[in-house]
Amino acid sequence: MARFYKKRDESRGLAPGSLVFIGEKKTDQIRIRLLDYDGSELQEETLQSVAKGADFAKTQTVTWINVDGLHDTKQIKEIGKIFDLHPLLMEDILNTGQRPKMEEFDNYLFIVLKMLRYDEERQMIAAEQLSMVLGPTFLLTFQERPGDVFEPVRERIRKRKGRVRVSGVDYLAYALLDTVVDNYIYVVERVGEKIEDLEDRVLSDPDPSVISEINALKREMAFMRKSTRPAREAITMLSKLDSELIRDQTRPFLKDLLDIVSGASEAIDTYRDMLSDQLNIYNSIVANRMNDIMKVLTIFAAIFIPLTFIAGIYGTNFEYLPELHFKYSYFYFWGVLVAVAVGMLYFFRRKGWL
Amino acid sequence: MARFYKKRDESRGLAPGSLVFIGEKKTDQIRIRLLDYDGSELQEETLQSVAKGADFAKTQTVTWINVDGLHDTKQIKEIGKIFDLHPLLMEDILNTGQRPKMEEFDNYLFIVLKMLRYDEERQMIAAEQLSMVLGPTFLLTFQERPGDVFEPVRERIRKRKGRVRVSGVDYLAYALLDTVVDNYIYVVERVGEKIEDLEDRVLSDPDPSVISEINALKREMAFMRKSTRPAREAITMLSKLDSELIRDQTRPFLKDLLDIVSGASEAIDTYRDMLSDQLNIYNSIVANRMNDIMKVLTIFAAIFIPLTFIAGIYGTNFEYLPELHFKYSYFYFWGVLVAVAVGMLYFFRRKGWL
Amino acid sequence: MARFYKKRDESRGLAPGSLVFIGEKKTDQIRIRLLDYDGSELQEETLQSVAKGADFAKTQTVTWINVDGLHDTKQIKEIGKIFDLHPLLMEDILNTGQRPKMEEFDNYLFIVLKMLRYDEERQMIAAEQLSMVLGPTFLLTFQERPGDVFEPVRERIRKRKGRVRVSGVDYLAYALLDTVVDNYIYVVERVGEKIEDLEDRVLSDPDPSVISEINALKREMAFMRKSTRPAREAITMLSKLDSELIRDQTRPFLKDLLDIVSGASEAIDTYRDMLSDQLNIYNSIVANRMNDIMKVLTIFAAIFIPLTFIAGIYGTNFEYLPELHFKYSYFYFWGVLVAVAVGMLYFFRRKGWL
Amino acid sequence: MARFYKKRDESRGLAPGSLVFIGEKKTDQIRIRLLDYDGSELQEETLQSVAKGADFAKTQTVTWINVDGLHDTKQIKEIGKIFDLHPLLMEDILNTGQRPKMEEFDNYLFIVLKMLRYDEERQMIAAEQLSMVLGPTFLLTFQERPGDVFEPVRERIRKRKGRVRVSGVDYLAYALLDTVVDNYIYVVERVGEKIEDLEDRVLSDPDPSVISEINALKREMAFMRKSTRPAREAITMLSKLDSELIRDQTRPFLKDLLDIVSGASEAIDTYRDMLSDQLNIYNSIVANRMNDIMKVLTIFAAIFIPLTFIAGIYGTNFEYLPELHFKYSYFYFWGVLVAVAVGMLYFFRRKGWL
Amino acid sequence: MARFYKKRDESRGLAPGSLVFIGEKKTDQIRIRLLDYDGSELQEETLQSVAKGADFAKTQTVTWINVDGLHDTKQIKEIGKIFDLHPLLMEDILNTGQRPKMEEFDNYLFIVLKMLRYDEERQMIAAEQLSMVLGPTFLLTFQERPGDVFEPVRERIRKRKGRVRVSGVDYLAYALLDTVVDNYIYVVERVGEKIEDLEDRVLSDPDPSVISEINALKREMAFMRKSTRPAREAITMLSKLDSELIRDQTRPFLKDLLDIVSGASEAIDTYRDMLSDQLNIYNSIVANRMNDIMKVLTIFAAIFIPLTFIAGIYGTNFEYLPELHFKYSYFYFWGVLVAVAVGMLYFFRRKGWL
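Chains as they are written, first to last, in my numbering: chain H, 79 to 432; chain R, 79 to 432; chain U, 79 to 432; chain X, 79 to 432; chain V, 79 to 432.
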């Protein structure tokens, strides 16, 4: 099954902007949660219908509507209608194989990123798509499944920790992106640790299992890069964006975000190089071992084959074979054997094989 | 036969702008189909001569003339004359080895792309050239062979589905490009699936056939990249074009197109890297196997060659060979054999070969 | 002998602008041909002295002076004086190791390109330098040897075919460049065909000769790239040049030229990658074969060496060797031999070597 | 343990701008040193509290406050408050895994670099983070541990050597950066020397230990590049910065800094290539040795196995075996043996193996 | 010893701008030569003190002061004082490990390049640093050792050959740079020739010595690139510089210079690729040879080991071994031997090994 590139079979031939959910259904029930706050007030609710959220969005307070689960296209469509979102944007939200990007529309910004998570059990990185629509007073976020990755931000809002309660909706968007991007670091670091550990195994006493591990780690790195490289582009664009939706005091934070993604991106490249180096090193070690094996074989063969030949000569049944009848022949014979063996050993020692 | 670079022998030495069909003749009969519509009216016809189409093109309605088959240069030439197309453009339409590109002329845009299709039978990607001339009220499309790839778009036009009936000719061009580009995704994904499947075979129990498969897949990727990379350039130019022929409301759609081609392009690069990695992994596994084979050989040789030598000594016919006459010699002899064998086994175990 | 980088020993220490012919003398006699035309008149002549050509150049008609052979520096120098060409330009014309380029001078453009030709006999690409000076009403071209590569253009001029007779001197320059660049395609395609053919040989039953063929083709590709890459730069500059010497109606033709060179350049890169892949594939196949050889050896050795040892034991001459005297011993002996052989075969089959 | 990418576990889920020390605690006690000077006066002090330093900073004299040790977040926080530093900047100072960068804030510049040091004992490069805040009249520097790397600069200030006493605070910042960057050169040169020395060992008589050395040196180079590449970016930005904080007469010095970092960066890349080449060369040498080993084996086997076979024939006990009874048979037998051996030797000599 | 990156130990911890000579002392005596000329007058002198040269520099004539030898820092310092040169510039002149560059100061340009020379004896490229200070009427050049590389330019000045006597000081600078850069070509070409010659040896009958030669040539290429790449940058900057110090009529000459360096740079890259290819080709050939060796071994072993086994059987001393007593047994025995041998040969021929 193609993990790196998702099938879009379902939408082939459809009109652009047709809303079809493309992806795995990762949750049963779609859930819409609302958080509406300003410096003084805070309201938190789970919505049955998004229409009510729209009323909140019209006020000057910060309104954050988070949608968990994308398979219920009808509800998603309704959100699109209420917030007057571009059909292509709606299509992108539903297509979980979307490439990370940032797009500017007339009244809002659209950001798609991948949330990465290291699945310890399957030893694989799992990706989930996060779409964001940032309007003047509202923020819509769409996730594939319910999860508590944004819970710390909610907590900070509820407890008035940090500057999120006293800043605008753009800062809220930043705070969420920061959470996403912080996880990149964690995942890179988690896989990087494995790579650095693998190095010792490669150098000390590598067995063939390192090959498949190197391969697996390379794939994870490729998988991660698929998310972080366009994310870097998107965040660069975001931090340089000349739009009223991004306040000046939020910009340094976005630049900081960019630093983090850049660092993660560079670390991924470094680790990729390291894995290639490890495979090369492993191959060199295997070749060296082969040399060792062959040396042992050659030394044994080169010593004993001539000896066996000599013994063979005196095992022949020629009627007239003078040496057989000399007294002490047998001891001379041993002398010759020892001499040949010592000669060979000396030859191999001079060759540096012993 | 050169699949990657087509012969242009036929046109060597000709004046630039000479109209010669370069390619394989893929259909017998050239077919010209017309579709003329606005929000309310729709007319569909198969034309005998293109002259009639020109009348439609002059009206404000959207006029789409599609030509299947390029070998009838006379008719193609006539189209060029009627629509006043630049001779170089005409030459490009007829040369099916044309590199994808977008060019701006005074009154129209010229776009060349490759349509890709995965030929399941021959396990190869097949390419067909699509040329487009986008004028203010008309769209000319030229295909190498009749095919139903644009049928869904026609269907949407007929059934007034989506926004194509209510948008201009630039949206129609977009809708067709979208169909083309959607197929890129499908093809990348189809080949990518094979690559990801191959990986398991490489890792588990690779036989030499994987080499030729890796090679075949690499070629397909190279073949695809030859089409998608310049297509990406062309669509980038198109989406940034400052021309009246592209309406503002169509631009987001073109950007979306760019996203798709970029995604496909990056996936191709990722898969290419993966194939190179697979070959490296395969080579490492082969080297490992060699080590295994050599170990078996060396262990057998190193154990039995000395034993055979010892047996050979007591097979000699020396008259005076004291050991032969001792009682129990034979059992001591076996003792020595066993001791040597055990010694060798111990030696190899300590070396970690057993 | 250095084919990739020509000796400039002859000019070391000379003042810049000193005119020394650097290259192989490829023709005996320098030949100067003049073609002067406008829409109505045409004059064709072989000149003894270039002075007469200068008179033609002053008129409004298009004047094309073609020089075959560069070794007669005195005549070349005279041309430089008559047309008031910059000494550096003159030096470049004479140095056949010049890198392709486009340079703008006050009253003329200077273009250097390589003409490529596939020498079927020596299986090598041959390069010849073409220098062009494009003035307002005249075009000077300098070739290393007489050749008929421009004959089709002359023919078109004589027979008023195409637009060359009715266009200016810039179109003439384009027409010649087009001829040069068309040959790039032919050469790339010719060598590319060999590369694609080689692939089958590499995959089916490669013998060591493919190594030197891959190497030879790689060199040809490197040789070609040396000419096409700077040519691409030069033509890009030419097509974007803001100069009165290039008329607006000629620009689309120059862009077309750029497409062709770009396509050739990309094809060269693709073929280079393909050759590297082929070498890798070849190496994998060789490694696989080695495994096969070693398996055969190991199977033979591992089966027969123990058997020989057993036979050796019963070939010893111990006085007291009970088995020798049992009846049926010989048949038991055979039983053991067969059992060992079957055991080994079973062992190798389980290892998957049989 | 991940050396290339530091864990930021501690800060996961925290609000951006939360001050947490991320890194190893490398010193027990935080130490704050002040140096305040102009052309005539000089004051040097170890501060208990940073508040006093703030008073100095307000005067027109150059005030340099250096903090050794970062684990005491309370004091660091206080510095931030007193100098009104951006919370993100504060976070960066405390996170020792920060990527080198230069950032412009309203009233000051923020520079993060890595100080590199070659730890001769552990044969590894050690990195320490240096953060700098450059204000109009003050410079804050933060190091992870106390060290005397800046002592020479202090000495120059005290003894009025060089231009540091008569220049502004930007020159002081430059002087410190120069010290840091000078160490890059030293470290590159130290590791480079090892690489160039290794080359001789690889070529003359390589043993398997070179593999792990190549690997170790590659890692050091990757580690170094991680610091120097972003440092190059940061210093490029600094040298081009349009800010009143950088005086015109300081700019040439910053450009000089850029030269040094660029040189170090390029040297790192060259050395990396060299290491890859060394591994390739080593592998070729190993393959050659394998050939030598196999030749010895093959020559011995091919000579003695047939000889042994011949001896074996005359060791058979067939009742009717005529040759055994001929007189001189034994000598003919030796003749055959010698002839076979000489034939084989001739065969191998003709093959070029002897 | 580090050839690729020079120790700057001597200057560590010194104030920037401190004048320390870093490099090898390549001459005993510093020598200062003056050449002062205009179209009509010419004065040539060896100066004891540079002060006198300063008087010349103030006049409108072209004044060229050339310094051979850099170890006498006192005199160099004096020159700096007299011509009012920036301390950093002075430091760069003395540091012979300086990276090639072009820097613009208020009243003069500073250019550093490497002069390359192929040392035929040591088979290595030797580099010498050339620093140039180009003022409005004077040119200062600093070399590490006296040499006659600029003698031809002096000769042209003396003999009024070329345009150097009638052009300004910028042309003189160009003429010297041209001399330097011409040597790049010569060196590239010299090493390139060796590389192209090596290719034949690699392909025909490579012995292990090619490995170290490939390595040596790769190092020379890396060494050269270290000088030419930044030289290309420097000359690009110089040719685009908007400064009164460079007259318009000199610009085409600088562009020509750029062409030459670019050509040399590209040739270096091509040769580097070629060397990598050669190593790959060599490795393939070695692997092929290994296959040949193993085939010989396997064929011998697989034929004679079974034969020896059969002979061994009839060498056993079983009391009851019926075949031994049949008449003609011996001949049947030979029949079996021949049949086995022929069978094996047939088997190997079918495998394609014979």
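Quick reminder that beta carbons are idealized off the backbone N, C-alpha and C, glycines included.
Of 259(H), 279(H), 406(H), 377(H), the smallest CA-CA separation from residue 428(H) is found for 377(H). In the pairwise beta carbon analysis, the segment 203–211 of chain V is classified as touching the segment 184–193 of chain V: at least three pairs are separated by under 8 Å. Per the C-alpha coordinates, the member of 348(X), 236(X), 410(X), 324(X) positioned closest to residue 216(X) is 324(X). In this structure, 104(U) is the residue among 104(U), 394(U), 198(U) with its C-alpha nearest to the C-alpha of residue 223(U). Taking 8 Å as the cut-off, the beta carbon of residue 235(V) is found closer than this to the beta carbon of residue 242(V). Per the DSSP secondary-structure output, residue 192(X) pairs in a beta bridge with 207(X). Within the segment 119–191 of chain X, the complete alpha helix (DSSP H) runs of at least 4 residues fall at 128–136, 151–160, 165–172.
Of all residues in the segment 395–412 of chain R, only 395, 396, 397, 398, 399, 400 come within less than 8 Å of chain H when Cβ atoms are compared, listed by chain position.
Taking a C-beta cut-off of 9 Å against chain V, the contacting residues of the segment 252–266 of chain X are 252, 253, 256, 257, 260, 261, 263, 264, 266, listed in chain order. Take residue 431(H), set aside five residues on each side of it, and the residues of its chain with a beta-carbon closer than 6 Å to its own are 373, in chain order. In this structure residue 386(H) does not touch residue 392(X) by the C-beta definition: roughly 15 Å separates them, more than the 8 Å allowed. The beta carbons of residue 194(H) and residue 94(H) sit no closer together than 8 Å. With its beta carbon at least 8 Å from every one in chain X, residue 246(H) lies outside the interface. For residue 404(X), no alpha helix (DSSP H) segment is defined, and its DSSP state is neither H nor E.
In its chain, beyond the 5 residues on either side, 177, 178, 179 have a beta carbon closer than 8 Å to the beta carbon of residue 308(U). Neighbours of residue 380(R) in chain H, taken as residues whose beta carbon is under 7 Å from its own, are 374, 375, 378 in chain order. With respect to the C-alpha of residue 155(R), the residue from 344(R), 172(R), 227(R) having the closest C-alpha is 172(R).
One finds nothing in chain R with a Cβ atom closer than 8 Å to the Cβ of residue 173(H); even the nearest lies about 10 Å away.
Residue-level contact check: residue 187(R) does not touch chain U, since none of the beta carbons of chain U fall below 8 Å from its beta carbon. By the rule that beta-carbons nearer than 8 Å mark a contact, residue 349(X) does not touch chain H. Contact between the segment 396–410 of chain R and the segment 292–311 of chain V is absent: fewer than three C-beta pairs spanning the two stretches fall below 8 Å. Boundaries of the beta strand (DSSP E) harbouring residue 110(U): 109–115, taken from the DSSP string. In this structure, residue 292(H) lies near residue 353(H), with their beta-carbon atoms less than 8 Å apart.
Relative to the Cα of residue 160(X), the nearest Cα in the group 130(X), 142(X), 174(X), 169(X) belongs to 130(X).
The Cβ atoms of residue 381(R) and residue 419(R) lie closer than 8 Å to each other. Residue 219(U) sits in a strand when the DSSP states are folded into three classes. Close partners of residue 289(X) in chain H (Cβ separation under 8 Å): 281, 359, 362, 363, 366.
Against residue 386(X), the close residues of chain H are 383, 386, 387, 390, in the order they occur along the chain (beta-carbon pairs closer than 8 Å). Those residues of the segment 290–312 of chain X placed with their C-beta closer than 7 Å to a C-beta in chain H are 290, 293, 296, 300, 304, ordered along the chain. Around the beta carbon of residue 412(U), fewer than 16 other beta carbons sit within 10 angstroms, so the residue counts as exposed.
A Cβ of chain X is located within less than 8 Å of the beta carbon of residue 177(V). For residue 345(V), the chain U residues whose Cβ falls inside 7 Å of its Cβ are 82, 83, in order along the chain. Residues of chain X with a Cβ closer than 8 Å to the Cβ of residue 195(H) do not exist, since the nearest Cβ in that chain sits about 12 Å away. Against chain R, the CB of residue 330(H) has no partner CB under 8 Å away; the residue lies outside that interface. For residue 354(R), the uninterrupted alpha helix (DSSP H) run begins and ends at 329–391, by DSSP.
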